[in-house]
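Q:
Residue numbers (this note's numbering): 53 to 212.
Laid out in structure tokens, this is it:
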């Protein structure tokens, strides 16, 4: 089940966008996701976390535990297009500062339409999740068409 937009954050990070890779991040507060859903979080819930514009390539994305979750068996995936392209089966009850590793099949993803990077609850058992925070980050690059780079000729004499 996809949750609402209370967990979806505008990308924030490096202000030098241009044509350079830039990092964005947000913190997913699981208490906010719980409130947004209105009932207990469950396996297969999809939580949107970072909006990605059409024509943007996601070079990489990941999760770092900010505050450990209170679920006893609680794993999450991170993806866009494929639910676990960036992170697969990460233990969200890990201690603070633990960082997820990319799966072996990881590859960059091009947004062919406006999309979101989502956290999907892969497994959840042994008690409800009510607390915990995950820092979600992504390295993005604008790959939209830069247009015609040819110089335009101007007749300055007729403009005077």
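Ideal Cβ placement from N, Cα and C applies to all residues, glycine included.
(1) Quick check for students: name the residue ranges of the beta strand (DSSP E) that lie wholly in the stretch 118-150, counting only runs of 3 or more.
(2) What is the DSSP secondary structure of residue 106, counted as helix, strand or coil?
(3) Report the rounded CA-to-CA distance for residue 153 versus residue 198, giving the unit in angstroms.
(4) Would you kindly check if the distance between the Cβ of residue 73 and the Cβ of residue 192 is under 8 Å?
(5) Would you be able to state if there are at least three C-beta pairs under 8 Å between the stretch 79-97 and the stretch 146-162?
(6) Taking 8 Å as the cut-off, decide whether the C-beta atoms of residue 171 and residue 80 are in contact.
(7) Ordered along the chain, which non-local residues of its own chain (more than five positions away) have a Cβ less than 8 Å from that of residue 64?
(8) Rounded to a whole number of angstroms, what is the C-alpha to C-alpha distance between residue 184 and residue 190?
(9) Quick one: grab the DSSP three-state call for residue 72.
(10) Cutting at 6 Å between CB atoms, please list the residues of its own chain near residue 162, excluding the five before and the five after it.
(11) Give me the DSSP bridge partner(s) of residue 175.
(12) Within the same chain, show all residues whose beta-carbon is closer than 7 Å to that of residue 142, passing over the 5 residues directly before and after it, in chain order.
(13) Near residue 106, what residues of its chain come up, given a Cβ to Cβ distance below 6 Å and the 5 sequence neighbours on each side ignored?
(14) When the distance is taken between beta carbons, is residue 133 closer than 8 Å to residue 158?
(15) Compute the beta-carbon to beta-carbon distance between residue 95 and residue 175, rounded to the nearest angstrom, for a pair I have assumed lies under 8 Å.
(16) Helix, strand or coil, according to DSSP, for residue 88 in the structure here?
(17) Over what stretch of residues does the beta strand (DSSP E) that includes residue 60 continue unbroken?
A: Let me lay it out:
(1) 125-132 and 134-143
(2) coil
(3) 33 Å
(4) yes
(5) no
(6) yes
(7) Unreliable positioning characterises residue 64 in this predicted model, as indicated by a pLDDT of 49, which lies under 50. The coordinate reading is nonetheless provided below. Closer than 8 Å at the Cβ level, and outside the excluded window around residue 64, lie 76, 77 and 78.
(8) 20 Å
(9) coil
(10) 109
(11) 127
(12) 115, 127, 128 and 152
(13) 163, 165 and 166
(14) no
(15) 6 Å
(16) helix
(17) Element bounds for residue 60: n/a, residue is neither H nor E.
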